[in-house]
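Data block below; observations after.
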Amino acid sequence: SGYWGLPEESAATFEGRLADTNEGPFLRTGDLGFVADGEIYLTGRLKDLIIIAGRNHYPSDIEHTVQQSGAPVRMGACVAISVSINGAEELVIVAEVDERRLPADAQSEGSGAGSLDAFWASAAKTVQGAVSSGHGLSVRSVVFVEPRSLEKTSSGKPRRQHYQKLFLEGDLAVLHETRSPQTV
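Numbered according to the working numbering, the sequence shown spans residues 254 to 437.
Okay, here's the thing in structure tokens:
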């Protein structure tokens, strides 16, 4: 009949009604999708949808673009999230680095600092350019994290809300972050 001790969440989830006819109640699953030719197509989750400047973006589409961009990102190990900065939604990409594509001096500190800085700048620029051309979006921050540091759900899906929280709290296993100036 609902969630134990959570009457508001229970009502929001289990007592959905159609706006025009008040027909219901319906279960609000949080899934997004559409019906075409009598078939239901699921396209994502409402809580993961990224809305920037009034446009809806599916994080999985952005993540796919990042993984195909040529940046040193492990396949299947990237999350696109949005964060509110001064009342505006900004896009953040958190991606695991593919350790096979790191330069040799990434493991040691010292002599190769200049080339390592150039490596990270190029990697971030690759991600930002791919997302800009593929989705018309500016990327506020590109965060490269340690390999195998992004957990997934038991069904293999990205834990976007979890990583949004960790990003905001500064608790990611960051190897490098490139932060762009705030957009207006």
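Cβ atoms here follow ideal geometry from the backbone N, Cα and C, with glycine treated the same way.
Non-local C-beta neighbours of Gln414 in its own chain, meaning closer than 7 Å and more than five positions away in sequence, comprise Lys300, ordered along the chain. Listed as beta-bridge partners of Ile293 by DSSP are Val288. Minimum Cα-Cα distance from Val350 among the listed residues Asn339, Glu404, Ala376 and Leu271 corresponds to Ala376. A residue is called buried when at least 16 other Cβ atoms come within 10 angstroms of its Cβ; Arg432 does not meet this threshold and is exposed. Separation of Arg270 and Arg281 (C-alpha to C-alpha, rounded to the nearest whole angstrom) is 9 Å. By the Cβ rule, the stretch 329-337 counts as touching the stretch 396-413, because three or more pairs are nearer than 8 Å. Along the stretch 333-389, the alpha helix (DSSP H) occurs as fully enclosed runs of 4 or more residues at 366-388, listed in sequence order. With respect to the 9 Å criterion, Ser394 and Phe372 are not classified as neighbours on the basis of their beta carbons. Counting every other CB atom within 10 Å of its CB across the protein chains shown gives Ser335 a total of 16 or more, marking it as buried. DSSP, read as helix, strand or coil, puts Pro411 in strand. One thing to note: Val380 has its Cβ within 9 Å of the Cβ of Val392.
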